[in-house]
Structure formats: structure tokens, C-alpha cells
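The structure appears below as C-alpha cells.
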Amino acid sequence: MKIQKILNILTLLTGAIAVTVTSLWIGKQAYSWLPPQAAAESLLIDDLISFLVTLGSFIFLGVTSTLMYSVIFHRAIKDDFTDGPAIEGNITLEVVWTAIPVLLVLWIAGYSYQVYEQMGIQGPSEIVHLHNPLGMESAYAEPKDAPANTLAEPVEKIDVLAKQWAWVFHYPERDITSTELHLPSDRRIRLALKSQDVLHGFYIPAFRLKQDIIPNHAIDFEFTPIRPGKYRLTDSQYSGTYFATMQANVVVESPEDYQQWLAQAATQKPSVAKNQAASEYAQTSNQSVQTGWVTVPPAAPPLVNSPG
Amino acid sequence: MTNVPIEGILLPDEKHNHESPSNWKEYFSFSTDHKVIGIQYLVTSFFFFLVGGIFAMVMRGELMTPESDLVDRTVYNGMFTMHGTVMLFLWTFPSLVGFANYLVPLMIGARDMAFPRLNAVAFWMVPVVGIIMMGSFFVPGGPAQAGWWSYPPVSLQNPTGNLINGQVLWLLAVAISGVSSIMGAVNFVTTIVKMRAPGMGFFKMPLFVWAVFSAQIIQLFGLPALTAGAVMLLLDLTAGTAFFDPAKGGNPVMFEHYFWFYSHPAVYVIILPIFGIFSEIFPVYSRKPLFGYKVVAVSSILIAVVSGIVWVHHMYVSGTPGWMRLIFMLTTMFVSVPTGIKVFAWVATIWGGKLRLNTPMLFALGALIMFVFAGITGIMLSSVPVDVHVNNTYFVVGHFHYVLYGTVTMGLYAAIYHWFPKMTGRMYSESWGKIHFWLAFIGTNLNFLPMHPLGLQGMLRRVASYAPEYQYWNIIASLGGFLLGMSTLPFIFNMVISWMQGEKAPANPWRAIGLEWLVSSPPPVENFEEIPIIVSEPYGYGKSEPLTANLPE
Ligand code: HEM
Ligand SMILES: [Cu+2]
Ligand SMILES: [Cu+2]
């Protein structure tokens with residue numbers, strides 16, 4: 001009897017250690033499931049994801065291994081139709097089991113709150129005419145390796161216009177429009193998001209950032225790119241027939257290169273941008289056999305200085 | 309005690325000799341017997357499950373390659389819109405209502421539902437909804453293409469210019485389905501409150517009944533919001549009002565509030581009965597009482613209440629200010645507390661039992677495991693910063709299919725196998741059932757697990773074309789999807805053959821405790837010749853207390 005008990009505890013302990021080690025390992029893997037970390041915010045979010053994956057794996061493995069143990073070792077013998085032990089409850093166990101999720105929830109919510117606060121991405125606070133009582137800090141200070149003085153001055157507000165189905169970026173200071181979003185690295189970026197027709201969503205997976213764009217509402221959005229390179233901006237809120245084609249390049253470059261690009265684009269005459277929705281639409285309208293159902297015609301392709 | 313007229317309808321005489329309603333014609337005609345209606349719901353909804361499944365196959369076929377090459381973009385958009393709509397409004401809702409219809413009166417010792425004719429009318433609205441939905445494929449411009457949530461302004465764009473278009477039909481069908489659900493909800497709540505057998509206090513009710521009760525209360529407070537939103541959208545679309553149309557000064561975010569105020573709780577309308585099914589099945593095949601019966605019962609009500617204050621988690625990145633994001637993050641996460649209590653109770657019920665892995669138990673176990681997985685990704689989604697990244701990506705699609713396929717559909721299969729002998733008076737084939745389980749379990753995971761890495765990498769939902777780097781996981785998901793499609797074949801085969809020529813089923817083939825197992829299989833027309841008198845709690849495995857004072861155990 002005594003030995004049995006010790007054996008049971010040992011089994012439990014081994015199981016718990018195995019589950020813990022595996023969950024920690026899976027949590028580490030989580031980083032590799034994500035795109036490159038191209039914005040300060042992505043560092044924060046990835047840590048949070050890894051934490052949640054670790055915790056989630058622990059719970060999942062804990063529950064499934066308990067179930068699997070039962071399935072393997074607690075099977076009824078072929079002709080044994082008797083009942084199992086009539087255990088109906090256990091108050092201590094039930095209280096503990098309620099307390100654990102409550103504490104976990106508070107922990108996860110607290111950590112998420114902290115991350116959200118540091119992101120300081122803004123958003124449509126004006127819609128409900130309430131000022132944000134939470135005093136958001138932003139993720140400025142996050143990239144420790146960036147020189148502090150470049151971070152101090154945020155970039156002028158870039159206008160982002162979404163329409164069915166194109167992105168147009170306007171740099172008010174130089175009055176440049178572009179179909180490619182150029183951003184200086186290590187600066188706080190400010191965007192003014194606007195939609196001309198339906199709901200769209202501003203989403204750059206490499207930045208882990210997303211914000212719906214709502215017609216008739218100017219929405220401010222802030223973040224800090226930290227890794228030069230070329231990324232994809234996609235429309236994340238379903239916007240009709242050519243939704244999937246509504247993409248644009250995001251070019252993150254050093255502040256010097258960024259200034260150079262602005263200067264260079266300012267010298268170019270506006271021309272009609274290439275637009276996948278428009279060209280697909282033109283193609284199907286020319287077909288003699290109409291296969292698809294009718295669709296809203298795409299908005300006219302934008303006139304831009306820099307067609308990208 | 310025989311020959312009690314129900315709502316003034318006298319049943320034909322020959323049916324009073326405890327005869328089962330299992331004659332084919334009756335299943336296709338107007339009947340007020342809750343058991344016939346239950347099976348009508350189940351068969352009809354399963355038909356639409358297959359229809360929705362075919363749409364899913366078209367989508368998975370399109371997503372085999374990065375380009376949009378199998379179907380036109382308009383067709384793809386119509387496919388995912390109708391797939392989502394059919395799966396929710398014509399498969400999960402009606403099939404669960406079917407089970408509730410069949411089981412609730414039997415489980416509480418009643419002869420029928422409180423309002424049998426209302427019940428029948430509510431059912432016959434389902435085929436009407438289905439006909440309107442399918443009819444929309446034949447109007448100019450095709451079916452609705454704005455997704456199952458039909459957000460304006462996309463849903464207000466009507467390129468055909470016709471008054472009768474896919475979106476109008478869609479709204480009409482959803483409204484009718486809402487009316488049918490309200491009728492059902494009134495009926496269920498009344499039946500459960502008023503018609504329990506003597507001795508059956510609330511804490512002697514089976515947990516499936518608790519679950520149905522909680523779910524139907526959600527319907528009562530939630531459906532008016534959805535209906536209001538749908539009617540306003542319909543007016544915007546047809547009569548030129550400007551509730552949601554930004555071009556005329558309306559606010560589309562208001563629609564999102566109306567929509568999700570109902571449609572989040574609606575997922576609990578779907579999942580609560582599945583929790584009830586788990587609570588019925590695990591004790592039988594573990595031969596143990598349900599662990600923590602009272603806590604599990606109360607947690608259903610708690611889930612129903614908390615579910616009413618979480619809807620904004622679908623709108624974190626919509627027009628939602630920071631403070632609101634954080635408040636709803638907290639309420640959303642708290643749903644995991646009563647849910648966690650339930651999971652713990654099921655695991656504790658199984659622990660140390662004498663398990664029999666019959667097909668229903670396999671499906672229930674598989675569904676429980678996939679539900680735990682879905683719950684974990686759900687917690688991740690409720691965290692605002694994580695949701696900012698993965699909202700509207702395949703991560704969400706993976707999450708909700710683990711709920712809707714992994715848990716709800718698998719749970720429904722568990723229930724179908726478990727109560728098949730009761731409903732048809734025949735046994736199903738265990739080996740075909742097991743083949744079905746393994747195909748479905750493997751298929752579900754192959755299909756929906758890859759969606760999580762895809763979403764984390766940023767692949768969007770509702771796209772007919774995607775960047776080439778996403779193709780690898782998409783191929784695996786599609787193969788899993790086709791496997792899932794095929795997994796329904798052994799099921800259909802098993803059901804049809806077994807119903808026609810399966811072995812005759814005894815009253816209680818699983819030696820289960822519960823009123824429905826005290827009557828013959830299939831049960832006689834009015835269920836109980838003598839209304840049972842309940843003397844003990846519902847899960848007395850290992851205690852062998854009699855459940856009733858006056859019926860043979
Ligand atoms: C073989 C099984 C299934 C496959 C292959 C499948 C596949 C898909 C795919 C590819 C989408 C499109 C995702 C998107 O772009 O948003 C989708 C959406 C959806 N599915 Fe399924 N699905 C299956 C079963 C189910 C079941 C059983 C349910 C419900 C009980 C369901 C409910 C939904 C819903 C609600 C949507 C959202 C539609 C929308 O975005 O408007 N699916 N499914
Ligand atoms: Cu868009
Ligand atoms: Cu929700």
C-alpha cells in the first residue's frame with residue numbers, strides 16, 4: 001500500500017516534469033512560427049505569444065496526458081460490467097480548481113494589459129467621445145540599440161487612403177503620393193487612416209499590427225519600425241470582390257535613404273498606378289462568356305508620384 | 309393513464325398501443341410529436357451539413373494553389389459566405405435543436421413539449437430558410453458575398469441594381485431563422501420550467517437539460533438584437549435609410565455591435581448543448597457519477613450570463629477605443645473559469661472509471677481534446693495584443709473550426725451514435741463507427757491545425773489567392789479537408805444500413821441511467837404510460853439507487 005502510494009507520486013512527478021519541460025520547449029519554438037520582427041511592437045507581442053503558448057501547452061498536455069493515462073490504464077475488462085467508484089465530488093479539489101483559472105486569467109490579463117499599454121498604437125478613440133483614461137505610453141523606447149535622438153522626433157503624419165481595391169499613401173510635407181509605403185527605421189511613425197468606401201483593415205504581419213479603417217472616421221495609428229527591409233501590407237477587413245489583391249509594399253529604410261526617396265519622388269510627375277483589381281476586372285468584362293457574378297467595379301487606379 | 313390529448317389534437321387510435329412513430333411517411337409530414345420533430349430537424353440539418361461541406365470542398369480546392377484559378381473571385385466569396393451561413397444557421401443550430409427536441413421531454417419525464425404545434429411550425433421554417441438560401445444562387449448576381457456576418461458597407465453594395473438580390477434573400481432567411489429560434493426558445497424554456505416530472509427539482513435535472521435551458525435563455529435575450537440589426541440593414545439596403553451606410557452618414561460600427569451582441573452569445577447557444585452531451589456521455593462510458601454535478605449545472609448558467617458581456621472581443625481592431633478593448637479582454641477571459649470547471653469535472657469523471665471506448669465515447673473524448681485546444685487558442689485571441697496580430701487571419705479560422713468541427717460537430721456525432729438505438733430501435737455498426745471516428749479525427753486535425761501557423765505568419769481569411777509562401781500548409785489543410793469530406797461516407801452508410809436492418813435495440817443498450825432509457829427503443833408516442841416520480845439525482849452510477857419510484861429500472 002505504502003509503496004503503491006510512493007510509486008503514484010513518482011509517476012505524477014515525472015509526468016509533471018515532462019509536461020513542463022516540453023511546454024517550455026514549445027514556447028521557445030513559438031518565435032519561429034512568426035514573421036521577422038520588423039517593428040518595436042513585434043518584440044513585445046512575440047514575447048506575449050511565446051508566454052501564452054508555453055502556458056497553453058502546459059494546460060493542453062496536462063489535460064490530454066491525464067485523459068490518455070485513463071484511456072490506457074482505466075479500461076473496463078471485457079466482461080466486467082460493474083460500476084466504477086461512485087465519487088461525486090471533492091470540495092477542496094473543486095475550490096482549488098476554480099482558483100487556478102481565476103489566477104491564470106488575472107496573470108494573462110495583467111501581462112496583456114502591460115504589453116498593450118507599451119504598444120501605444122492609438123486607434124479610434126474619438127468615436128465614443130471619451131478620452132483614453134489609461135494614459136498609453138508607447139513603444140518608442142523599446143529598441144535599445146537605436147540612438148535616442150533619432151527616436152525623439154516622430155515622423156510627420158502620413159495619410160493612408162484605402163479604397164476598393166488600392167492603397168494610396170500621401171506624404172503631406174512634400175505633397176507626394178505613392179503606392180508603396182516608405183518608412184524610416186527607428187522613428188515613431190504616425191499614420192492617419194482613411195477609407196473612401198467600405199471597411200478596410202491596415203495590417204502588416206511583420207509588424208504584428210492591425211487596425212480597421214472606417215469610412216467617415218479619421219483614425220490615428222502609431223508604431224515604430226526597427227528593421228530595414230521590404231514587407232507586405234494587406235487589407236485585413238473583407239472589402240468585397242478583389243479583397244485578396246489589396247496589397248502594397250512597405251519599405252523600411254534608414255532615415256537618410258528615406259529622405260532621399262522623398263526628394264526623388266518629389267521630382268516625378270504623377271502617373272497612373274498599376275492596379276491588380278482594375279486589370280482583373282477589365283479582363284473579365286472583356287470575356288464573351290461571363291462566368292462570375294456581377295461585381296462592384298474597382299475604384300479608378302490612383303495617380304501617384306511613385307508607383308513603386 | 310392513457311390517451312391524453314395534446315393541445316386538442318387527438319392522436320389516431322392505433323398509435324396508443326405504445327407504438328413507435330417510426331413509419332417513414334410520418335417523418336416527412338406535419339407531426340406534433342417532439343420525437344418526430346427532433347428527427348426531422350436532425351435529418352434536414354444533416355442534409356445542409358453536406359451542402360455546406362461541398363462549399364468547403366470548393367474553397368479548399370481553390371486554396372490548393374496560391375492563384376485564384378479554380379473559381380472566380382465572386383464565386384469564392386459566395387462560397388465562404390454561404391458555407392459559414394449554412395453551417396451555422398442550417399447545421400449546428402437546427403441539429404442541436406433537434407436533439408433538444410428529442411431528448412428534453414424524455415429526460416424530464418414529460419409527454420411532449422409545452423407547445424407541440426408551435427414546435428412543428430418552428431421546424432417547418434427551417435426548410436423554408438434553406439430553400440431561400442439555396443434559391444439565392446439563382447437570382448441575378450448570385451448569393452450574398454459579404455461573409456456570414458454581412459458587415460456594411462460591403463453588404464449594402466448591390467451591383468445588380470435589382471431589388472431581389474442575394475443579400476436581400478440572405479437577410480430574409482436569417483430573419484426567418486431568428487423567428488423560428490425564438491419560437492423554439494419560448495417552447496424549451498416553458499417546457500423545462502413547467503413540465504418536469506414530480507420530484508425533479510432543478511438539481512435533479514440531467515445536465516443536458518441544464519445546458520439546453522441556459523442556451524435557450526441566451527436566445528431570448530440575444531435574438532432581438534440580431535433581428536433589429538438585420539431589419540435595419542434590410543431597410544438600408546432596400547428603402548434607402550441610413551442606419552449603417554457611411555455614404556449617407558450612417559455608422560457601420562453600430563452594425564457590428566448589434567451583430568456581435570447576439571452572435572457571440574450564439575456560439576454558447578451552440579456549445580452549451582455540446583457540453584450537456586459530454587456530461588451525459590462521459591458518466592455512462594466511465595461508469596461513474598458525474599464529478600461535481602451541481603457546479604457543472606450552475607456553470608452553464610454562469611457561462612450564459614458572462615457570454616452577454618464579451619461581444620466586443622470580435623471588434624478589438626474595429627472602431628474600439630483602448631479602454632473598451634481592455635475591459636472586454638477581462639470579461640472574455642473570465643468565461644474560461646466556468647468552462648475550465650466543466651473540463652475539470654469531465655476529466656475527474658473519466659479518471660479511475662471503467663472505460664468503454666464505444667464510438668460515442670471515442671467521439672466525445674476526441675471532441676473534448678480538440679475543445680481544450682480551441683479553448684487555449686481562444687484565450688490567446690482574447691488577449692488584445694495577440695488579437696491585434698491574428699484577428700481576421702487563418703489563426704481565427706483554425707480556432708473556430710476547432711470549436712465548430714472539432715467540438716460541436718464531433719460532439720453531435722457522439723450524440724447521434726449514443727442515442728441512435730433509442731431513436732431508431734436499432735443498433736449501429738461499431739466497426740463502421742470507429743472507422744468514421746478515426747477518419748474524422750485525423751481529418752479535422754490535418755485540416756485545421758495548419759491554419760494556426762498560417763495565421764501566425766499573417767495569411768488572411770476570406771482570400772481566394774495568397775502569397776506562395778503559404779502554399780505548403782494550405783496543401784496539407786486541403787488534403788485534410790478532403791479526408792473530412794470523405795469521412796462522412798462511412799457515417800451515412802452506417803446510419804442508413806443500420807436503420808434499415810441493424811440488430812434490434814433493447815430499451816437500455818448502454819445500461820445508462822436516465823429517464824429516456826427506461827422506455828422502449830424507440831419510445832412510445834407519448835413517452836411514458838405513467839409519469840415517472842423522480843427520487844434521486846441523475847448520475848447514480850456505482851450507487852444503484854433507483855431513479856424513479858414507480859417505473860421499472
Ligand atoms: C470539411 C469541413 C470544413 C472545411 C474544409 C471548412 C473550410 C472552411 C474555409 C476554407 C473557410 C473560409 C475561411 C475564411 O476565409 O474565412 C471556412 C469558413 C467558415 N466555416 Fe468552415 N469548414 C469546414 C467545416 C465547418 C463546420 C462544420 C462549420 C460549422 C459548424 C464551419 C463554419 C465556418 C464558418 C462560420 C466560417 C466563416 C465564414 C465566413 O468567413 O464568412 N465550417 N471554412
Ligand atoms: Cu480593402
Ligand atoms: Cu465571441
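These protein sequence lines are chains Y and E, in that order.
Residue 66 in the working numbering is what sits at position 66 of the first sequence, and the numbering runs on without skipping anything.
In the working numbering, each number is its position in the second sequence, counted from 1, plus 308.
Every residue, glycine too, gets a C-beta built ideally from N, C-alpha and C.
Quick check on residue i: does DSSP put it in helix, strand or coil?
i	result
Gly316 (chain E)	A caution first: Gly316 (chain E) carries a pLDDT of 37, below 50, which makes its placement in the model unreliable, though a value can still be read off. The answer is coil: DSSP assigns Gly316 (chain E) none of H, G, I, E or B.
Ser306 (chain Y)	strand
Lys596 (chain E)	coil
Thr667 (chain E)	helix
Lys556 (chain E)	helix
Glu738 (chain E)	helix
Glu375 (chain E)	coil
Ala813 (chain E)	coil
Look up residue i in the DSSP assignment and give the residues it is bridged to.
i	result
Ser221 (chain Y)	It should be pointed out that residue 221 (chain Y) corresponds to Phe in this sequence rather than to Ser. Phe221 (chain Y) pairs with Y:Gln122 and Y:Leu191.
Trp167 (chain Y)	Y:Ala162
Phe202 (chain Y)	Y:Gln211 and Y:Asp235
Ser271 (chain Y)	Y:Val304
Gly474 (chain E)	E:Pro451
Return the residue from the list the options that minimises the CA-CA distance to residue i.
i	options	result
Pro560 (chain E)	Y:Ala278, Y:His200, Y:Pro255 and Y:Asp257	Y:His200
Tyr778 (chain E)	E:Pro729, E:Ile724 and E:Tyr702	E:Tyr702
Phe510 (chain E)	E:Leu859, E:Lys851, E:Pro591 and E:Pro846	E:Pro846
Leu791 (chain E)	E:Ala815, E:Phe756, E:Ile805 and E:Ser594	E:Phe756
Arg664 (chain E)	Y:Ala76, Y:Asp46, Y:Asn90 and Y:Val53	Y:Ala76
Phe354 (chain E)	E:Leu531, E:Gly438 and E:Gly661	E:Gly438
Leu93 (chain Y)	E:Leu762, E:Lys742 and E:Phe599	E:Phe599
Ala18 (chain Y)	Y:Val115, Y:Leu103 and Y:Thr66	Y:Thr66
Pro297 (chain Y)	E:Asn466, E:Pro814 and E:Asp341	E:Asn466
Ile525 (chain E)	E:Gly443, E:Asp544, E:Ser615 and E:Gly455	E:Ser615
Gly360 (chain E)	E:Ser587, E:Met441 and E:His622	E:Met441
Gly56 (chain Y)	Y:Val160, Y:Val251, Y:Ala218 and Y:Val105	Y:Val105
Asp175 (chain Y)	Y:Gln29, Y:Ala39, Y:Ile26 and Y:Leu303	Y:Leu303
Glu41 (chain Y)	Y:Ala278, Y:Asn275, Y:Arg227 and Y:Glu256	Y:Arg227
His391 (chain E)	E:Leu404, E:Val379, E:Ser376 and E:Ile362	E:Ile362
Pro451 (chain E)	E:Pro424, E:Leu676 and E:Leu480	E:Leu480
Met623 (chain E)	E:Pro581, E:Val698 and E:Ile649	E:Val698
Using a Cβ-based criterion (distance less than 7 Å to any ligand heavy atom), does residue i qualify as near ligand 3?
i	result
Val482 (chain E)	no
Val618 (chain E)	yes
Val711 (chain E)	no
Val296 (chain Y)	no
Val614 (chain E)	no
Val698 (chain E)	no
His622 (chain E)	yes
Val251 (chain Y)	no
Val651 (chain E)	no
His726 (chain E)	no
Val575 (chain E)	yes
His707 (chain E)	no
His744 (chain E)	no
Could you check the C-alpha separation between residue i and residue j for me, to the nearest Å?
i	j	result
Ile724 (chain E)	Val198 (chain Y)	43 Å
Leu10 (chain Y)	Ala16 (chain Y)	10 Å
Leu183 (chain Y)	Thr640 (chain E)	36 Å
Thr382 (chain E)	Ser458 (chain E)	15 Å
Thr295 (chain Y)	Thr241 (chain Y)	7 Å
Gln347 (chain Y)	Ala555 (chain E)	Missing from the structure shown is residue 347 (chain Y); chain Y here goes from 1 to 308 and no further.
Met365 (chain E)	Gly660 (chain E)	42 Å
Gln237 (chain Y)	Phe745 (chain E)	36 Å
Pro36 (chain Y)	Met759 (chain E)	19 Å
Ile121 (chain Y)	Leu712 (chain E)	33 Å
Val429 (chain E)	Thr340 (chain E)	9 Å
Ala574 (chain E)	Gly793 (chain E)	26 Å
Ser485 (chain E)	Gln118 (chain Y)	45 Å
Pro133 (chain Y)	Tyr203 (chain Y)	Reliability fails at Pro133 (chain Y), whose pLDDT of 38 lies under 50, so the model's placement of it is uncertain and the value that follows must be treated cautiously. Pro133 (chain Y) and Tyr203 (chain Y): Cα-Cα distance of roughly 26 Å.
Leu411 (chain E)	Tyr111 (chain Y)	44 Å
Arg419 (chain E)	Glu834 (chain E)	5 Å
Say whether chain C places a C-beta atom closer than 8 Å to the C-beta of residue i.
i	result
Trp659 (chain E)	Among the protein chains in the structure shown, which are Y and E, there is no chain C.
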